[in-house]
Amino acid sequence: MKRRRRWRVALALVACVLAGALWFAWDSANVQAEAQSALSVRNAVMEAAMQCAAVEGAYPASLKYLEEHYGLIVNHSDYAVTYEAFASNVPPSVVVVPR
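Note that the working numbering numbers the sequence shown so that position 73 is 82, with each residue one more than the last.
Here you go:
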């Protein structure tokens, strides 16, 4: 009887450890996916800004200009995008943070 009880306790302990490991792996994968998607949004904004600079000879003054004239689509409900243009001949500073 004691052997069976020990076996059940050990099995329950292993199941708990496995569940914890799976939860940790799932959470880590979600964090990495979120960071990668934010990087993709930043790259899209920078590519649109560079395209604008190549076509018009100057970097755009705002993110809204890129959205209206260059077809850039940013999901503002999922990402907070900070677009700071210092001068028309200097690449803008773009920071994308998942909400």
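Glycine included, each C-beta is placed from N, C-alpha and C at the ideal position.
Predicted model only: the values in this text are computed from it and were never measured.
- Taking a cut-off of 8 Å on C-beta distances, the region 40–58 touches the region 68–75, as three or more cross pairs fall below it.
- Under DSSP, the beta-bridge partners assigned to S102 are E93.
- In the structure shown, the three-state DSSP call for Y79 is coil.
- Per DSSP, the beta bridge partners of Y88 are P107.
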